[in-house]
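Report on the structure given below.
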Amino acid sequence: MIKYICKKCSINSESSVCPNCGERAEVVESSVFWCDDCNIPLYSEACPLCGKQAHRLCSDIRPVFPEERLLLEIMLGEPFKFQDESVWNATGNIYYANGKRVKFSVSQTFEMDASEIRHQIDELSPKNSYNQFNYYMGKFLTANRKRYDYIAQEAMEYIRSVTQNCDQTEMFVSFSGGKDSTVVSDLVLRTLGTQQILHIYGDTTLEFPQSTEYVKRFRKEHPKTPLVTSKNKDKNFEELCSQLGAPSRQMRWCCTIFKTGAIQRKIQTLFKNKKRIITFYGIRRSESSSRNKYDRESDSPKIAIQRTVSPIIDWMDFDVWLYILSTGIDFNTAYRLGYARVGCWCCPNNSRWSEFLAEVYMPEQSEKWHSLLVDFAKKIGKPDPEVYVREGKWKARQGGNGLEYAQTSVLTFEPCALQENTLNFELQRPISEELYELFKPFGCINTTLGNPRLGEVYVVGLDGGLLLRLQGKIGTNTLKVSILDKNAGHCNSIKAVSDKVKCQITKYQMCMGCLGCESACRFGAIEIETNRNGLVSYKISDKKCVRCGHCISHFDGGCYMRKVMCIKR
């Protein structure tokens, strides 16, 4: 049972939308109840099967499949102890068997031998049974049928409302292979009455093997549903870890490089002439404190032409599994093993439990990842690299201290003593024709007005007025930038223009082809390519660029990598 309250109107609500003002209502309490007689979790306090009063057990819960149950029993040293019982996992990774808490702590996994556990799983799995699991799941689905009917109907009505004036060629489902996007996919296809809604699968190259297999099954089971894959083929995750350091919770550069940027490219290709598109996401507020702040509908902060729609944003794990098991739709088998979430298998947001499961089920990848983290810890001078990795301190890392690449975020400049409103830069990268590409958002590049012997290039406004003068010879590192109009770049002061100039020079020094800028441009004017030698090409189309300047300061300091690699200056 979920209770909401609208703080503005100070009234209770049955959903996250206040019936009075229409604004968002906050979750006050979430409760899952347990029927001792039927041995199942319930959404309501009174059991619909036996009629008896249930008691509150937790705030959210998910089923424990026989594969995960066997793993738990092996770790406890008592295989098949709970085979005939109703086993569930509640908030905080707490296990319950027949409504009684199982004495187990995830911290125990640090002392366990993953290879020995894997050996026992292989030996005992043939004897594992689904009989009792299926029995209790049947009771669970029957008892909570009313809840299923409500959440499914509400979500489908919502999908109808947001797509009322849209063509199906203006929408797609963001499909990750996880349980939430699986549910959203099914809801969208059922609601719209067609299998021909585009799905985009973002292959980050760090997917679970089970996710890859599930996507194959999805394609086979939905032959009429176009499922395309977006993938950044220019970048290698391990090489970037060496250059940028492992991604951390605060600085998940991998999302921008391997997910957002690649999906944006696919969107630009598939929706060439569309000004706005609807993207169905499987995001839920209960997943994290940051996602709790999300709106059900919003403009994407990362991909400019997207309107993101989240039909199941208020669902709990309880609801997601109730829907999956009620409909009988296929899902990612990683959940049967015990994973609570399925994304990138080495994500810094993963819990210790997910890391342990990787050690058990993905030993080679896990050992390789551990070695990479230890080597990185040594590289940045950590006194005890093994402890640094074991305690998960790499996940809390911020900035680029100890990394050579981070030095490219530093700008060296000084005001010119001889010319007003002019800055002299000493660049860390020799001047090339590509430098001028980065000044196209200010205006048109004119190479004929200036003195070629001095390497002068002017930036000219659409009205013909002179905005900036760049002076620097190709192949040298000294650049002089003169601000000729305080309104350049939609600014109203020399300082504001100067800050935007620094943004573009930061891009020039730091660009490693993360694709963040491509995603920021709603007009598709920016094209970034990385060749076989790792050299990055940054081009801005004069025909597509409208000189809005949004790309200049979309990221703090001009470049996404500057934020990732922040160091003391």
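First residue of the sequence shown: 1, per UniProt numbering; consecutive thereafter. Glycine included, C-beta positions come from ideal geometry on N, C-alpha and C.
Below 8 Å between beta carbons: does that hold for ILE431 and LEU466?
Result no, Cβ atoms of ILE431 and LEU466 do not sit closer than 8 Å.
Relative to the alpha-carbon of CYS551, which residue among ARG118, PRO441, ASP167 and LEU484 has its alpha-carbon at the smallest distance?
Ranking the options by Cα distance to CYS551, first place goes to PRO441.
If LYS500 sits next to CYS491, beta carbons under 8 Å apart, how far is it from one beta carbon to the other, in whole angstroms?
Contact flag correct, Cβ pair sits at about 7 Å.
Please report the straight-line C-alpha distance between ASP36 and TYR150, rounded to a whole angstrom.
Spanning the two alpha carbons is a distance of roughly 25 Å.
Determine the contact status of LEU187 and GLN195, defining contact as a CB-CB distance below 8 Å.
Going by C-beta atoms, LEU187 is not nearer than 8 Å to GLN195.
Going by DSSP, which residues form a beta bridge with TYR201?
Answer by DSSP bridge pairing, in chain order: PHE175 and THR229.
Is it true that the CB of LEU42 sits closer than 8 Å to the CB of LYS139?
No, the pair does not count as a contact, with Cβ atoms beyond the cut-off.
Quick check on ALA90: buried or exposed, where buried means 16 or more other Cβ atoms within 10 Å of its Cβ?
Buried, by the Cβ-count rule.
Can you name the start and end residues of the beta strand (DSSP E) that SER298 belongs to?
Looking at the DSSP string, the run of the beta strand (DSSP E) that includes SER298 is 297-299.
Just to confirm the assignment, what range does the beta strand (DSSP E) spanning LYS480 have?
Start and end: 478-483.
Apply the 10 Å Cβ neighbour rule to ALA525 and answer buried if 16 or more other Cβ atoms are within range, or exposed otherwise.
Buried is the call here.
By DSSP, does THR333 sit in helix, in strand, or in coil?
Of the three classes helix, strand and coil, the one that applies to THR333 here is coil, per DSSP.
Using the three-state DSSP reduction, which class does LEU466 fall into: helix, strand or coil?
Looking at LEU466 - three-state DSSP - the assignment turns out to be strand.
Kindly list the residues whose CB is nearer than 8 Å to the CB of ARG429, restricted to its own chain and excluding five residues on each side of it in sequence; keep chain order.
For ARG429, where only same-chain residues beyond five positions count, the Cβ hits under 8 Å are THR408, ASN477, TYR508 and GLN509.
If we count the other Cβ atoms within 10 Å of its Cβ and call it buried at 16 or more, is SER130 buried or exposed?
Note on residue identity: the sequence assigns Tyr, not Ser, to residue 130. So TYR130 counts as exposed.
Identify, in the order they occur along the chain, each residue of the same chain with its Cβ nearer than 7 Å to the Cβ of GLY472, setting aside the five sequence neighbours on each side.
The answer, listed in chain order, is ILE431, GLY455, THR478, LEU479 and LYS480.
Going by C-alpha to C-alpha distance, which of LEU76, GLU426 and CYS521 sits closest to LYS103?
Nearest of LEU76, GLU426 and CYS521 to LYS103, Cα basis: LEU76.
With a 10 Å radius around its C-beta and 16 neighbouring C-beta atoms as the bar for buried, classify GLN398 as buried or exposed.
The residue is exposed, with fewer than 16 neighbouring Cβ atoms inside 10 Å.
Per DSSP, what kind of secondary structure is HIS55 in: helix, strand or coil?
Strand.
Please tell me whether ALA97 and PHE110 are closer than 8 Å, where the distance is taken between their beta carbons.
Contact: no.
Give the range of the beta strand (DSSP E) segment to which THR279 is assigned.
That run of the beta strand (DSSP E) goes 277-280.
Closest to PRO311 by C-alpha separation, out of GLU297, ILE483 and ASP122, would be which residue?
Out of GLU297, ILE483 and ASP122, GLU297 has the C-alpha closest to the C-alpha of PRO311.
Output the boundary residues of the beta strand (DSSP E) element that contains TRP88.
Unbroken beta strand (DSSP E) run through TRP88: 87-90.
Ends of the beta strand (DSSP E) at LYS539?
Residues 536-540.
Would you kindly report the start and end of the unbroken alpha helix (DSSP H) that includes TYR388?
Segment 385-390, the alpha helix (DSSP H) holding TYR388.
Under 8 Å, with one C-beta from each stretch per pair, do the region 253-267 and the region 513-522 reach the 3-pair mark?
Yes, the region 253-267 touches the region 513-522.
Assign ALA377 to buried or exposed, taking buried as 16 or more other Cβ atoms, counted over all protein chains shown, within 10 Å of its Cβ.
Under this definition ALA377 is a buried residue.
Please state whether DSSP places LYS382 in a helix, a strand or coil.
Residue state, collapsed to three classes: coil.
Could you check how far apart the C-beta atoms of LEU70 and SER125 are, in whole angstroms? I think they sit under 8 Å.
Right, their Cβ atoms sit about 7 Å apart.
By DSSP, does THR142 sit in helix, in strand, or in coil?
Helix.
So GLU359 is in the beta strand (DSSP E); what residue range does that whole segment cover?
First-last for GLU359: 352-361, but that is the alpha helix (DSSP H), not the beta strand (DSSP E).
Spatial neighbours of HIS370 within its chain, please: CB distance less than 8 Å, with the 5 preceding and 5 following residues excluded, ordered by chain position.
Hits under 8 Å: VAL389.
Looking at the unbroken alpha helix (DSSP H) that takes in ARG118, where does it start and where does it end?
Residues 114-124.
Relative to the C-alpha of TYR436, which candidate in PHE413, GLU386 and SER541 has its C-alpha closest?
Comparing Cα positions, the closest option is SER541.
With H, G and I counted as helix, E and B as strand and the rest as coil, what does DSSP make of CYS346?
DSSP places CYS346 in coil when its eight states are reduced to three.
Identify, in the order they occur along the chain, each residue of the same chain with its Cβ nearer than 7 Å to the Cβ of ARG217, setting aside the five sequence neighbours on each side.
Within the same chain, ARG217 has close Cβ partners ASP330.
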